[in-house]
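Note sheet for the following structure.
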Amino acid sequence: MSKFWQRLYMGLIFGFLYAPIAVLIVFSFNEGKTRGSWDGFSLTWYQQLWQDSEILSAVTNTFLVAIITTIAATIIGTLGAIGIEQYRSKQKTLILGLNQIPVINPDIVMAVGLMVLYRSLDLDFGYLTLILGHIAFTVPYVVLSVLPKLKQMPRSLPEAAMDLGATPMQTLWQVIIPYIRPGIISGALMAFTLSIDDFVISFFTTGNGVETISTMVFSMARRGINPKINALSAIIFVTMLVLMLIMNIRTERAKR
Amino acid sequence: MKTYKRAAAPFLLWAAMFIIISLVMVLYYSFTNEAGQLTLANFQRFFTGSTLGTLWRSLKVAFLTTVICLILGYPLAYIISNMKVNFRTTAIMLVVIPMWMNFLLRTYGWVTILSKNGILNSLLRPLGIAPLDLLYTEGAVTLGMVYNFLPFMILPIYTVLEKMDHGLLEAAADLGANKWNTFLKVILPLSLPGIASGVSMVFIPAISTFEITALLGGNKTNLIGNVIEQQFTVTGDWNYGSAMSMILMIFLVISLLFSRNEDTDNEQPTPTHVMTEERRREVIDV
């Protein structure tokens, strides 16, 4: 393949990947409500977005759930990884096998499992079930990103700390956790983004009018055209882009 | 060091609750009726009713999606892996950036493009072939799936190709292989692990999706995921829904069997490893 065809092919695939995003952003500035035609530039959908309490509460819920989920899943997953590391290899394989189930299982099966579990516990569907569901499916990712760092840590390191008189608690806080910190941070970030991006688990485990951005977009899109969704998408995309670029530049600098 | 075993307690409680008990309960629901009596009726109903056809259609759509993703994704991964390091990072970042936006929003973007008064139809109108019914067809659903899952095919294949020892290619060329032979006999076999994880990362979500079908297929295209969803949210027949979820899990077991032989201590990455690795790539170290 010549350079030209390669470039053209890449251009076409990227065009495909970015087309809907570009359309959403462009049409968020469209004055009219129709989908196909351009009626002039306007910020009306952005203004209306700020007055729409349904959308605003969905945004708040999404972030609230994501923050609580991240904190809980990071603690459970990190401690879990530290504990699992101490088990004998057969037990370890078994536990890690269990840990992999939510990663490969179709989301809908996990969601159905949660629904059935909540019903038998007689839980009311709402914030609690939603947050528990998010913690449930993000924990494995934290474990899987902390484990490699733990494996890299020389066993003699915590042993030396304890020989020098540190209690297990002190060793944990001052030796182990600082060593595995990069793994914990990437696990936490994964939990956060997975939680924000999730639709299937939220759809099945929420109730009583508690909506996240995903579940709201789903029900709105089914009802038909709503240019406020375009405005929301544009804001989300630009915010994520800026955040991720800042993070990437920071890690690049740290590497140097 | 043994003292840290106890640190796993919350994790083990989590695994017991949300993995073992919840899956056992779905299993229990699938073998009982509403009165709680043991029965095979749910499975009988599935294998004799029209839902079997739906499963068949879902398999076809998921298979088609996977093949298209492979055909589109492999060349791109290959092209990117042959670029200069700086361009490579940028190109992979461009693959990843769309995933930072909620996928339902991106799928909703396709509604704007494909609908009857949508952009594509207004572009086609001057040519005299519009308006076409593009939205709410099986084609639109397949397009939506390819769109959403393509990066999951590109990234693992790229990861494998990028790590490939380029000395091997030179050796093949020195030994007289032409480009096509080198590709068939060296590059393709070496990239098989990447293809395998790409295939399972596309196929599993494609077979179980219901949200893409709902947005782009309207009520006209029903896949197995939609039937399950309706049992839980509309019909309220949780037992039947659980039975169908169990049938979906068979595909999980199949993919687990695939990844079994290249297991843990071996350096070969299993699909799960690659999957977590890709999730991480989505988030940070691009």
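Residue numbers (this note's numbering), protein chains in the order written: chain G, 53 to 308; chain L, 12 to 297.
Heads up, the beta-carbon is just placed ideally off N, CA and C, and yes, glycines get one too.
The structure presented is a predicted model; accordingly, all values stated were derived computationally and were not measured.
- Under a criterion of Cβ atoms nearer than 9 Å, no residue of chain L is adjacent to Phe177/G; the nearest Cβ is some 11 Å distant.
- In terms of Cα proximity to Tyr40/L, the closest of Val264/L, Tyr158/L, Ile258/L is Ile258/L.
- Only residues of its own chain outside the window of five on either side were considered, and among them Ala110, Val111, Thr114 have a CB closer than 7 Å to the CB of Ile265/G, listed in chain order.
- Pro192/G sits buried, since 16 or more C-beta atoms from the chains shown fall within 10 Å of its C-beta.
- Short of 6 Å from the beta carbon of Lys201/G, and not among the five residues preceding or following it, lie these beta carbons of its own chain, in chain order: Ile232, Gly235.
- By the beta-carbon neighbour count (other beta carbons within 10 angstroms, threshold 16), Ser141/G is exposed.
- Annotation for Met214/G: the continuous alpha helix (DSSP H) segment containing it runs 208–215.
- Sorting Met268/G, Pro154/G, Ile136/G by C-alpha distance to the C-alpha of Ser105/G places Met268/G at the top.
- When Cβ-Cβ separations below 7 Å define contact, Val161/G makes contact with chain L.
- Counting C-beta pairs closer than 8 Å gives fewer than three between the region 77–91 of chain L and the region 228–242 of chain L, which falls short of the contact rule.
- Taking a Cβ-Cβ threshold of 9 Å, none of the residues of chain G is close to Glu173/L; the smallest such distance is about 16 Å.
- Taking the beta carbon of Phe256/G as reference, the chain L residues within 7 Å of it are Phe243, listed in sequence order.
- In this structure, the straight-line span from the alpha carbon of Val213/L to that of Ser271/G is close to 25 Å.
- Ranked by how close their Cα comes to the Cα of Val195/G, the residues Pro206/G, Pro220/G, Asp174/G, Ala124/G have Ala124/G in first place.
- Taking the Cα positions, Ser285/G is about 33 Å away from Lys95/L.
- A Cβ of chain G is located within less than 7 Å of the beta carbon of Pro21/L.
- In this structure, Met175/L keeps its C-beta atom at 7 Å or more from the C-beta atom of Thr76/L.
- Closer than 7 Å to the CB of Gly132/G there is at least one CB belonging to chain L.
- Contact annotation, Ile77/G with Phe289/G: C-beta distance approximately 7 Å; criterion of less than 8 Å satisfied.
- Among the CB atoms of chain G, none fall inside 7 Å of the CB of Tyr85/L.
- Going by DSSP, Tyr85/L is part of the alpha helix (DSSP H) stretching over 62–92.
- For Ser89/G, no alpha helix (DSSP H) segment is defined, and its DSSP state is neither H nor E.
- Looking at Ser94/G, Asn278/G, Pro210/G, the one whose alpha-carbon comes closest to that of Lys13/L is Pro210/G.
- Take the alpha-carbon of Ala19/L and the one of Ile229/G: they are about 15 Å apart.
- Taking 7 Å as the CB threshold, Gly165/G lines the interface with chain L.
- Straight across, the Cα-Cα distance linking Phe221/L with Glu240/L is about 7 Å.
- Taken atom to atom, the span from the alpha-carbon of Phe56/G to that of Ala73/L is near 32 Å.
- Only Ile136, Glu137, Gln138, Tyr139, Thr145, Ile147, Leu148, Leu150, Asn151, Gln152, Ile153, Pro154, Val155 from the region 136–155 of chain G bring a Cβ to less than 8 Å from some Cβ of chain L.
- Of the other Cβ atoms in all chains shown, 16 or more fall within 10 Å of the Cβ of Phe189/G; this residue is therefore buried.
- Interface flag for Gly139/L against chain G is unset, since no Cβ pair is found closer than 7 Å.
- Per DSSP, Gly150/L is one residue of the alpha helix (DSSP H) stretching across 149–174.
- Runs of the alpha helix (DSSP H) lying entirely within the region 235–291 of chain G, each at least 4 residues long, are 252–257, 265–275 in chain order.
- For Ala225/L, the enclosing alpha helix (DSSP H) begins and ends at 222–228.
- With contacts defined as CB atoms closer than 7 Å, Leu199/G and Ala133/G qualify as a contacting pair.
- With a threshold of 16 other beta carbon atoms within 10 Å, Asp159/G meets it and is buried.
- Cβ-Cβ distances below 7 Å link Ser202/L to Ile168, Val171, Leu172 in the same chain, with the five nearest sequence neighbours on each side left out; the list follows chain order.
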